[in-house]
Ligand code: FES
Ligand code: FES
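Residue numbers (my numbering), protein chains in the order written: chain A, 2 to 211; chain B, 53 to 784.
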């Protein structure tokens, strides 16, 4: 590596600046709406610019029963917080736009697209991810059914499919194959494991509902 | 050793996958990792004249901005089909050029992804704009006869007999043109790289179908020895051809990590994957098919225009497959590659065959109606034992059996031939269609090593990648049978350059190249165990023999090749290249086959098309893992439904790029789109193509689904769809 070229690339950590503003005003709204402790939220704003704030926020929520106190960029999605900050990589990113379902987790028992959910929005909530579904002793019936019906191929959509499937049963939407297909259509499987997924949910629903 | 059909075993990595424990490329988070985000070009073609980084640099947490001013020491990528390692020869960010809308022009690396994304959005780029051709039909698009294209492995047009004259004189004929748009692979796992340096050694975590090319290609682009690069890809979250070579972001990620002295992760956003990776090229196919009074195909003329890029010739193999659909009396193809200002198109699952089958199998259906013949009968009548192109026998060809068995499972005899003659109780029009599909039976060299321990561990390393097709399960099944152990005791090390060389897994040759090597290395292990002279009882496991011999472990290696290959082929895979062989071998020709039977329902008022039922039967030689093969086959049919009714890249010729570049607007099948899919296998080992009797499955499963659907739509409605995807408006 030549010294010349090194000089062309500036490596200094850019100084923290008030100009680090939110790209989207909606995130500011979301922070306020969820009553966050935002020590960072700046008081002074200039009329022309959106509200500026120091770019960190402290958030506390439970993931699979373990409380996580994390210090985040307030724009961090729940998906990125799980994967990059907390280190639970079972939840996958397939689109980052709420279009594929790969990132499905449960927030207080309801299925949500974690890519469309700010981590700051789930303060004090209970999150369940695929890692929290079964344990070493026993798989969740849905996990077992996915194995038994080979409801997966590459496995990339699978955590999201399983989290959505468990919620689908709890919601009472697993009454027929047609209903399952409809209520599972927010989770894309590019490998095309749909028939196996439907069969697995039919089967697991019976076990779950005893 | 038993040689019959394989037992059904569960997918061996399903447990890891249902627990979220399978570690995919960008699941890796090395300590101190920084995050990258791309700035992408907003013009159709041209040159960067200025880039204002000042605002981006002021963003908290930004550590590095890489653009063309910093990358002069990096070597450009070389195209895989010019004996290189990458999906195209064009390397974004290495020059100020813009070859197509949406290409990366700079990479921002920051402490957090959020800062990187924001900073990328604040880089101001000025351009000099040049005119461009965004589509096959653009005025500036440049057609080049394929036979004249300068390529490493030229492909000539096919000429068998005097098809022109026979066609001109024929009594019954069809002349139709079929068009298909660009399509995008969209595996659920996004393209992405984690690059980490330890001194001068680079480790890359990446979901790929080709760890070998990534290793050697990165070394070449970075100017470092290949032994200094490790690529780890134990699981790929779907590839479908998109991940079959190096991607643009790899060298830039590795470069940024080297500059920063810390690991860097780049996950390419979905929108960008539409703009800077390979895709299925748009095609225009004209078929002229003639038959005699008995319905025998006397001549076929096949003209193909297939999209390529300005910088590479992505060669068309449409005609090679078209010529093998039937035993035509005469055949002539003419292929042109049409150059456009796009990334180089590539090998999206059944890259040519899906399009070819749409054209040929539609034309056959049209001819069958012209002739008043049953669509299954006309196909059976035109089956062949001999390849018309090379005059070689087929090593195995059970397509007629696929048709017969499929017709029976489907209940084809309940079909009344007249269009619009079948109506459901609720008023929906019912259509039933059939089509066949075929895919080249390739093979290749493979190295294998196996280690057996006294504790019962069997660890096998093979040059193949697990991307959902179930190769890990097939390997476990084969090794278990050959070594008389339980499948659970077999650990397969795949997609990892620390093991044996990793050749591209694509072209449906994964099993045909790796399973013979697995068998050979098991045989070598057996011999080595016998040589221990323990007098172990017949059928003893390696662990039992090692215990008797008081040995802790034993390791052996082996290598295998496809017919007609020799050890030279190993030199190719040892240096990260591809060395496939087939489907034309010295003494025979090999293809896999499919027969698809589809029922559609078309709502009379809305014209909405549903596919409630598909029956498909496949000839892929020996089935190695019945459960995962079945899933792969079902998945292929799902792809066919997408290809026929949903998928199209929408390009505005005035701007270039892809308009519908996300999962909400590029429609792929969802659960509610899919009905009953029944699949069957002939499961007859191919006696010649390799010692395992296995032909490919992963692509043939999709080939022919689309025309079976459009033929069914014709049967339901009387409307002949010659353009995919078929949408409601096409039937109004
Ligand atoms: S990653 Fe969240 S829906 Fe696709
Ligand atoms: S299993 Fe591959 S995307 Fe669903």
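Every residue, glycine too, gets a C-beta built ideally from N, C-alpha and C.
- Under the DSSP assignment, residue 428 of chain B falls in the alpha helix (DSSP H) whose first and last residues are 427-433.
- Against chain A, a Cβ distance below 8 Å from residue 66 of chain B picks out 147, 148, 151, 153, 156.
- When DSSP states are grouped into helix, strand and coil, residue 759 of chain B belongs to the helix group.
- Residue 258 of chain B has B:245 as its beta-bridge partners, per DSSP.
- Along the length of the segment 49-103 of chain A, whole beta strand (DSSP E) runs at least 3 residues long occupy 58-64, 67-73, reported in chain order.
- In the three-state reduction of the DSSP assignment, residue 518 of chain B falls in the coil class, being assigned neither a helical nor a strand state.
- Setting aside the 5 residues that flank it on each side, residue 538 of chain B is surrounded in the same chain by 532, each with a C-beta closer than 7 Å to its C-beta; the list follows chain order.
- What residue 160 of chain A touches in chain B, judged by beta-carbon distance under 9 Å, is 69, 70, 71, 72, going in chain order.
- Here the distance from the Cβ of residue 695 of chain B to the nearest heavy atom of ligand 1 is not below 7 Å.
- Within 10 angstroms of the beta-carbon of residue 56 of chain B lie fewer than 16 other beta-carbons, which makes it exposed.
- Within 7 Å of the C-beta of residue 294 of chain B there is not a single heavy atom belonging to ligand 2.
- Each of B:217, B:234, B:680, B:732 was checked against the Cα of residue 645 of chain B, and the nearest Cα belongs to B:732.
- For residue 561 of chain B, the closest Cβ of chain A is not nearer than 8 Å.
- Here the C-alpha atom of residue 599 of chain B lies approximately 57 Å from the C-alpha atom of residue 365 of chain B.
- Those residues having their beta-carbon less than 6 Å away from any non-hydrogen atom of ligand 2 are, in chain order, A:153, A:154, A:155, A:156, A:157, A:158, A:159, A:190, A:191, A:192, A:194, B:240, B:290, B:520.
- Chain-order list of chain B residues neighbouring residue 101 of chain A: 240, 715, by C-beta distance under 7 Å.
- Residues of chain B with a Cβ closer than 7 Å to the Cβ of residue 106 of chain A do not exist; the shortest Cβ-Cβ separation is about 11 Å.
- Less than 8 Å separates the beta-carbon of residue 302 of chain B from that of residue 266 of chain B.
- The shortest CA-to-CA distance from residue 192 of chain B to any of B:388, B:392, B:729 is the one to B:392.
- Here the C-alpha atom of residue 262 of chain B lies approximately 7 Å from the C-alpha atom of residue 554 of chain B.
- Counting along the chain, residue 406 of chain B sits inside the alpha helix (DSSP H) bounded by residues 405-423.
- Contact between residue 510 of chain B and residue 542 of chain B is confirmed by a C-beta separation of about 5 Å, below the 8 Å threshold.
- Not one heavy atom of ligand 1 falls within 7 Å of the beta-carbon of residue 713 of chain B.
- With a cut-off of 7 Å, the C-beta of residue 103 of chain A is classified as near ligand 1, since at least one heavy atom of the ligand falls inside that distance.
- Note: residue 128 of chain A is bridge-paired with A:64, A:108 in the DSSP secondary-structure output.
- Residue environment: residue 217 of chain B is assigned as exposed (fewer than 16 neighbouring CB atoms within 10 Å of its CB, all protein chains considered).
- Note that the C-beta distance between residue 621 of chain B and residue 610 of chain B is not below 8 Å.
- With respect to the 8 Å criterion, residue 194 of chain A and residue 143 of chain A are not classified as neighbours on the basis of their beta carbons.
- Annotation: residue 383 of chain B to residue 349 of chain B spans about 10 Å, alpha carbon to alpha carbon.
- Per DSSP, the beta-bridge partners of residue 498 of chain B are B:612.
- Under a criterion of Cβ atoms nearer than 8 Å, no residue of chain B is adjacent to residue 72 of chain A; the nearest Cβ is some 11 Å distant.
- Residues of chain B with a Cβ closer than 7 Å to the Cβ of residue 111 of chain A do not exist; the shortest Cβ-Cβ separation is about 19 Å.
- If you draw a 10 Å sphere on the C-beta of residue 207 of chain A, you find fewer than 16 other C-beta atoms in it, and that means exposed.
- DSSP, read as helix, strand or coil, puts residue 729 of chain B in strand.
- At a Cβ-Cβ threshold of 8 Å, residue 454 of chain B and residue 162 of chain B do not count as neighbours.
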